[in-house]
Structure formats: structure tokens, C-alpha cells
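K.L.:
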Amino acid sequence: MVYCALSIIVPIYNEEDNISELYARLNPVLQELAGDDWEILFVNDGSTDRSESRIQSICGTDARVKLISFRRNFGQTAAMTAGFEHAAGSVVVPIDGDLQNDPQDIARLVGKLDEGYDVVSGWRKHRKDNRLLRNLPSRVANFLISRLSGVKLHDYGCSLKAYRSEVLDGVRLYGEMHRFIPIYASWQGARVTEIPVQHHPRKHGRSKYGLERVLKVLLDLVVIKFLGNYATKLIYFFGGFGIIQFVAATLAFGWAVYLKLFKAISFISTPLPLLTVMLVLIGFLSILIGLVAELVTRTYYESQGKKPYAIRTTLNLGERARGGKESTEAI
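Count the sequence shown with the working numbering and you get residues 214 to 544, in order.
In C-alpha cells, the structure reads:
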């Protein structure tokens, strides 16, 4: 792979009327920012209009423009993942293909990286979308995500972000999880910040997202929170749940005994003995599931040579650092 300074990732789904204008607006910005050392990766996410042919025309006149076409529509997260995996830039910037993000903001995002940050997220402070159907649900979702993740950002849904390429190494995204990359990065020790960016009303086409996306995002957040807290210590989650069941079983059995001894109420007159047995079984099963999950986790890490940690820098490690080469760079 021939590496470059800057990669722009543009997921496209039925945006035929926006593609040429987006390229025309990106070109001078990137030229000023990185000279000829840049690329634009359009990821055609199964468009059914003429988006692919429009991109092919641009590719024919500018070799720095690349195209990845999916066989069908897989969603924005899959499109971004494909772009990240094929990007050759040391800095990677995803941007929406609907012209609502402003290419002029790319220079500001990249400039903020130069201050020592690893991820710079755009904040559509004055968002030009429907206030009730888009803005309000987005604000609620962003508030919940910030509270649960501990990474305080105003606008997780803004595609316009700048990443150092090493932050994206090994990131696997599913569902609607592309918006959670700053959380992944922060949990691995990356420096994350946010700056306001411009946002424009949609000129052509229509939005592909509705209120149902909020529910998907919140469910994905549950997965992220679970993985962030328990990915390498699953026995704590399942075992803790099992212990709670044992405690509840003990209380239920104790209450049944109390009723028998002091209230003359027979065991068979209450559901407490049955509840006790059920809770004990659930407790044992939870701990067994936790043990199996621990084995799966170890197999996952050891079979792929993955590490349950992330190193930022090393110093004076000599041949022990990164396969025999001393390193003082971010990993």
C-alpha cells in the first residue's frame, strides 16, 4: 500500500446529485492542506441510483479518488469500516456525502490533532435538521451516551471527525457503532476532544434515517458499555449476577423458614421454596456461563495474538519493542 498524509472517507447511499459538488468542494481544501498527498475513498453502500457512475467518472480524471462498491446496502457503519480498512493516510477523516458537513472544517479538525489529540470530533452546534424528529432525539441520545460512557461529547452522531490512523487499528464495528469510535479510543488511552463545525441544510435527496435509529444506537450503547467494562473479565459480570441470585435464594428460604416457625404457614402454602430452588439454579448457571465466557475470551485473545492492553509509547526497550525495533511512537 502506498501511504499518504490524509484519507477522506465518504460513505455514499443514493447521493447522485451531491457527489460532483462534494468532490469540487473537497479538492481545493485538500490541495491546500496536504498538497497532492491525499486521497478520497468513496464507499458506495449499494446505491440504486447513478451514484456509482458519478464516482467512476471522477476516478477516471483523478487517481487520488478511489471507489469501493458494496454488493448491496450494508449500512453506514459497514461503509465506514471498509473505508478505514482501505485508507492509506496517517490521518483519516470521514465525512457525510450529503453536503451537510462542510469540507472547510477539515483543516480545523486536522489542526487540532497537531495539538496532541488522537481523535477530534465535530460538534454540529447549530444543526440544520428537524428539531423534533432529529435534533431532540439526538440530544437525548448524546446525553445518555456521555453519561454511560464517561466520554463527554455533544454530538456523537456527527460523521465529521479526524482520527490518527493508529487509533483505528483493530477496531471492529457493527450495528450503528461507528459513532462510538471516540469511546473505544478513549478507553484505550487516546486523547479525545471536540470542536464546533458547520452544518448545512440538505440540498438534494432525503435523509435515510428515522426515529428508529435512536433505539438502535441505544442498544448498541448497551453492548459498548458491556464490552468496555467486562470484555476481559466476564466472570465478574455473570458471576456477580449468580451471587445475587444466591443471596436472593437465601433470603427467600429464610423467609419461608420464618413463616413456618413463627406464623405456622406450611412450605407448600407459599411459592418461596420453589423460588429458592429456581434462584439457586439460575445462580449456578450464571457462574457456569461466566466460566465458559472466560474460556472463550482467552481463546479469542490468544488465538489471534491480541493483547488486553494498548501501549502509547515505549522507551529504551530495545529489541523487545514492537518486534525488535525500539519505539517511541503511539500505538
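We treat Cβ as the ideally placed atom computed from N, Cα and C, and that holds for glycine. Note that the structure is a prediction, hence the values are computed from the model and not measured.
(1) DSSP on residue 286, reduced to helix/strand/coil?
(2) Which term fits residue 253, buried or exposed, when burial requires 16 or more other beta carbons within 10 angstroms of its beta carbon?
(3) Does the separation of the CB atoms of residue 292 and residue 246 fall below 8 Å?
(4) Give the DSSP bridge partners of residue 305, in chain order.
(5) How many Å lie between residue 500 and residue 446 at the Cα?
(6) Are the CB atoms of residue 260 and residue 236 within a distance shorter than 8 Å?
(7) Hey, residue 258 and residue 288 are a contact pair by Cβ (cut 8 Å); roughly how many whole angstroms apart?
(8) Which same chain residues end up closer than 6 Å to residue 459 when comparing Cβ atoms and leaving out the 5 residues on each side of it in sequence?
(9) Looking only at its own chain, which residues have a Cβ that is under 8 Å from the Cβ of residue 355, when we skip the five neighbours before and after it?
(10) So who's on the other strand from residue 252, going by DSSP bridges?
(11) Grab the span of the beta strand (DSSP E) containing residue 335 for me, first residue to last.
(12) Residues in its own chain within less than 8 Å of residue 374 by CB, not counting five upstream and five downstream?
(13) Once you ignore the five residues that flank residue 376 on each side, which residues in its own chain have a CB closer than 6 Å to its CB?
(14) Just tell me which of 402, 309 and 317 has its CA closest to the CA of residue 392.
(15) Could you tell me if residue 249 is buried or exposed, where buried requires 16 or more neighbouring beta carbons within 10 angstroms of its beta carbon?
(16) Identify whether residue 232 lies in helix, strand or coil by the three-state DSSP scheme.
(17) Note down the Cα distance separating residue 542 from residue 344, rounded to an integer number of angstroms.
P.N.:
Reading off the structure:
(1) coil
(2) buried
(3) no
(4) 220 and 376
(5) 13 Å
(6) no
(7) 7 Å
(8) 496
(9) 366, 367, 368, 369 and 370
(10) 220
(11) 332-336
(12) 306, 307, 322, 332, 333, 334, 335, 394 and 395
(13) 305 and 332
(14) 309
(15) exposed
(16) helix
(17) Any answer about residue 542 is weak, because its pLDDT of 40 lies below 50 and its placement is not dependable; what the coordinates show is given next. C-alpha separation (whole angstroms): 44 Å.
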